[in-house]
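The listed protein sequences correspond, in order, to chains A and B. One point on numbering: in this note's numbering, the residue at position 5 of the first sequence is 21, and numbering is uninterrupted. One point on numbering: in this note's numbering, the residue at position 228 of the second sequence is 231, and numbering is uninterrupted.
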Amino acid sequence: MNDSSRNAAIATAPTFRGATRLRANAVALATITRREVRRVLRIWTQTLVPPAITMMLYFVIFGKIIGSRVGSMQGFTYMQYIVPGLVMMSIINNCYSNITSSFFGSKFGRYVEELLASPMPSWVVLTGYVAGAVLRGLLVGIIVLGIALFFTSLHVAHPLVAITTVILGATIFALAGFINAMFAKRFDDIAIVPTFVLAPLTYLGGVFYSVNMLGTPWREISLANPILYMVNAFRFGILGVADVSVWVAYVVMLAFVLGLGAFALWLLHKGVGLRS
Amino acid sequence: MSDATPSSALPALEVETLRKTYSNGVQALKGVSLKVAQGDFFALLGPNGAGKSTLIGILSSLVNPTSGDARVFGISVNRDRGGVMRQIGLVPQEINFNQFETPFEICVNVAGFYGIPRELAKPRAEKYLRELRIWDKAHQPTRMMSGGMKRRLMIARAMMNEPRLLILDEPTAGVDIEIRRSMWQFISGINRAGTTVILTTHYLEEAEQLCRNIAIIDHGEIVEDTSMRRLLSKLDVQSFVLDVTGLDGKLPELDGVKLTRIDGQTLEAEMPSTHNLNALFAGLTAQGITVTSMRNKTNRLEELFVRLVDRNDHGAAA
Chain A
17 MNDSSRNAAI
27 ATAPTFRGAT
37 RLRANAVALA
47 TITRREVRRV
57 LRIWTQTLVP
67 PAITMMLYFV
77 IFGKIIGSRV
87 GSMQGFTYMQ
97 YIVPGLVMMS
107 IINNCYSNIT
117 SSFFGSKFGR
127 YVEELLASPM
137 PSWVVLTGYV
147 AGAVLRGLLV
157 GIIVLGIALF
167 FTSLHVAHPL
177 VAITTVILGA
187 TIFALAGFIN
197 AMFAKRFDDI
207 AIVPTFVLAP
217 LTYLGGVFYS
227 VNMLGTPWRE
237 ISLANPILYM
247 VNAFRFGILG
257 VADVSVWVAY
267 VVMLAFVLGL
277 GAFALWLLHK
287 GVGLRS
Chain B
4 MSDATPSSAL
14 PALEVETLRK
24 TYSNGVQALK
34 GVSLKVAQGD
44 FFALLGPNGA
54 GKSTLIGILS
64 SLVNPTSGDA
74 RVFGISVNRD
84 RGGVMRQIGL
94 VPQEINFNQF
104 ETPFEICVNV
114 AGFYGIPREL
124 AKPRAEKYLR
134 ELRIWDKAHQ
144 PTRMMSGGMK
154 RRLMIARAMM
164 NEPRLLILDE
174 PTAGVDIEIR
184 RSMWQFISGI
194 NRAGTTVILT
204 THYLEEAEQL
214 CRNIAIIDHG
224 EIVEDTSMRR
234 LLSKLDVQSF
244 VLDVTGLDGK
254 LPELDGVKLT
264 RIDGQTLEAE
274 MPSTHNLNAL
284 FAGLTAQGIT
294 VTSMRNKTNR
304 LEELFVRLVD
314 RNDHGAAA
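Pasting the structure below:
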């Protein structure tokens, strides 16, 4: 742009209303999402390979070696029974770790200021990061499911339930990870929740067993675990069996999405952990 | 407002009794008010911790004000943050881009954050990376770049939304003189083309050469807000360092000039700013001393800056 054309551009600075604003937000959202996906693909040895190896070990040890002695579960081989839970577990963990490491990394490296000093509204920032994390979760889920097919055969009973559950579950843990990253001041702070909260909840969320096998009060206590609903809804989507009602699972997941989403937006709007 | 402001009714920046108290109780801004006219090249100077970065942080949405308001081209930071951000390009003091991305990716992504589509952002990124002479590094990770290149990348990045107000927070810190001059040239060109520029710097000769108007902030208050010319005219004493030959015996005495011997070949001359330099040379020549070269002892603005800040320190202490 030469001097006169730049002058003209300055004199007629655009006003952002209606469709223009919507287009600008769509471009910004696509930019954050693309950047997040590129990051996942750039460091694929850290983002895609480890969950594949971990899940392969689960399938070999729990599915083949131990599973062959367990017998059938709700009409399926033990290997078939644990596949949905392991896929969901890998999606949840990868969504969470993706968004915490990416967003906290941007805080630590201060390039989060690129976002804060831009005209993007908070919801665009949040949606972009969540979309990036969900896409990584889906990518990992597809890889893990592909690996599972080397060990067992699966027939997807309710594809729509399976897909919506994966998206809702991934969104919940992306939002939770984002909130964790906003409060985090050190790298230790983003490791505490996965280790002390996420891992126990996942292992006790019915990935390896049916909660109907538990007696009172452990079964009732297990029902307070949100991961149980995600695992069971996804198991219903893949195998057609679940320990809880799918509709109750949807209500629980939607409530978490709305609650965590509203809280994350409020934190972003206030600039908690970002603006002094 | 200062006397050398370009004409326009709506100021590029208007700050009104802006206050900021951090959670640790530090009062960084104590009711700062300031106006910067459209098209101005404005220096915001102050010692470390004076409140410059807090003020810039509020303008660029990185710091929440405690009270008061700032309007950028009439848009309030309190009411329309996004609207203000669309007008501003920020070059922060600290390097703050992703060191794993390339300069080209960084520029195109930042344009995206402003809603600029990639087909527009890509040629624009190339244009500014070329103008700032880092296009040959455009597709290498930024962690491989030198400090000077990183500084220039931050300017290119700030230009991606072609801002009406460019804020530069010590843009040339740690940069060698050659690159610094090329950056001055670029920024001056941007200003001539109509972009209002606010510059903070510790290189006071930079501010003196580039800026038309100046504010000095200290302890969270504006202690001076005027034109550069008017401020410099306040300096009533000037000091020169003279390289001389023939300085063998007693130190010469000249009316109105205080001479100090630095060594056998160097003199320091302090005199009123109205003093005729020809008279100084004539006086020295008459006593067999030849001046082979001379230079300012300190930068004029530096001299004034130190005095103003010292005065404010003493005032605060009292």
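We put the beta carbon where it would ideally sit given N, CA and C, even for glycine. All values derive from a computational prediction rather than experimental measurement.
Here the alpha carbons of B:Thr-229 and B:Pro-95 stand approximately 24 Å from one another.
Only Gly-125, Arg-126, Tyr-127, Glu-129, Glu-130, Leu-131, Leu-132, Ala-133, Ser-134, Pro-135, Met-136 and Pro-137 from the stretch 118 to 146 of chain A bring a Cβ to less than 7 Å from some Cβ of chain B. Annotated as distal: A:Leu-73 and A:Val-223, with beta-carbon spacing of 9 Å or more. In its chain, beyond the 5 residues on either side, Gly-34, Ser-36 and Gly-71 have a beta carbon closer than 6 Å to the beta carbon of B:Thr-20.
By a beta-carbon distance limit of 8 Å, B:Leu-156 contacts B:Pro-106. Their separation comes to about 5 Å.
Listed by position along chain A, the residues whose Cβ is nearer than 7 Å to that of B:Met-88 are Ala-133, Ser-134 and Pro-135.
In this structure, B:Phe-44 keeps its C-beta atom at 9 Å or more from the C-beta atom of B:Arg-167. For A:Thr-47, the residues of chain B that pass the 7 Å Cβ criterion are Asn-112, Gly-115 and Phe-116, in the order they occur in the chain. The continuous stretches of alpha helix (DSSP H) do not include B:Leu-250, and DSSP gives it neither H nor E.
For A:Ala-240, the closest Cβ of chain B is not nearer than 9 Å. Of all alpha-carbon atoms in B:Lys-153, B:Phe-189 and B:Ala-40, the one lying nearest the alpha-carbon of B:Ala-12 is that of B:Ala-40.
Contact annotation: in the stretch 42 to 70 of chain B, residues whose CB is within less than 8 Å of a CB in chain A are Gly-60, Ser-63, Ser-64, Leu-65, Val-66 and Asn-67. A:Ala-35 counts as exposed, since fewer than 16 other C-beta atoms from the protein chains shown sit within 10 angstroms of its C-beta. For secondary structure counted as the alpha helix (DSSP H) over 4 or more consecutive residues, the stretch 49 to 90 of chain A holds these complete runs in sequence order: 60 to 63, 65 to 74 and 83 to 86. With 16 or more other CB atoms across the displayed protein chains lying within 10 angstroms of its CB, A:Met-95 is buried. Taking C-beta separations shorter than 7 Å and ignoring five residues to either side along the sequence, the partners of B:Gly-291 in its chain run Gly-249, following chain order. Boundaries for B:Ile-225: no alpha helix (DSSP H) harbours it, while the beta strand (DSSP E) harbouring it runs 224 to 230, taken from the DSSP string. For B:Asn-216, the enclosing beta strand (DSSP E) has its first and last residue at 216 to 221.
By the criterion of a C-beta distance shorter than 7 Å, B:Thr-295 is surrounded in its chain by Asp-246, Val-247 and Thr-248, once the five residues flanking it on both sides are discounted. When Cβ-Cβ separations below 9 Å define contact, A:Arg-152 makes no contact with chain B. Interface criterion met: the Cβ of A:Val-43 is under 9 Å from a Cβ in chain B. In the DSSP secondary-structure assignment, B:Lys-38 is bridged to B:Glu-17. When C-beta distances to chain A are compared with 7 Å, the residues of the stretch 140 to 166 of chain B below that value are Glu-165, in chain order.
Residue-level contact by beta carbon holds for B:Phe-103 and chain A, with a gap shorter than 9 Å. Three or more pairs of CB atoms, one per stretch, sit closer than 8 Å, so the stretch 44 to 55 of chain B contacts the stretch 219 to 238 of chain B. In the DSSP annotation of this structure, the continuous segment of the alpha helix (DSSP H) that includes A:Lys-286 starts and ends at 262 to 286. The Cβ of B:Leu-93 sits closer than 9 Å to at least one Cβ of chain A.
With a threshold of 9 Å between beta carbons, B:Ile-98 makes contact with chain A.
Out of B:Leu-16, B:Lys-130 and B:Ile-109, the CA that lies nearest to the CA of A:Ile-48 is found in B:Ile-109. In this structure, A:Phe-119 keeps its C-beta atom at 9 Å or more from the C-beta atom of A:Phe-203. Across the structure, A:Leu-176 and A:Thr-70 are spaced so that their CA atoms are roughly 27 Å apart. The three-state secondary structure of B:Arg-136, taken from DSSP, is coil.
Counted as a single uninterrupted DSSP element, the alpha helix (DSSP H) harbouring A:Asn-109 occupies residues 94 to 124. Under the DSSP assignment, B:Asp-172 falls outside any alpha helix (DSSP H), being part of the beta strand (DSSP E) whose first and last residues are 168 to 172. Against chain A, the beta carbon of B:Gly-249 has no neighbour under 9 Å; the closest one sits roughly 53 Å away. Runs of the alpha helix (DSSP H) lying entirely within the stretch 150 to 223 of chain A, each at least 4 residues long, are 175 to 199, 203 to 209 and 215 to 219 in chain order.
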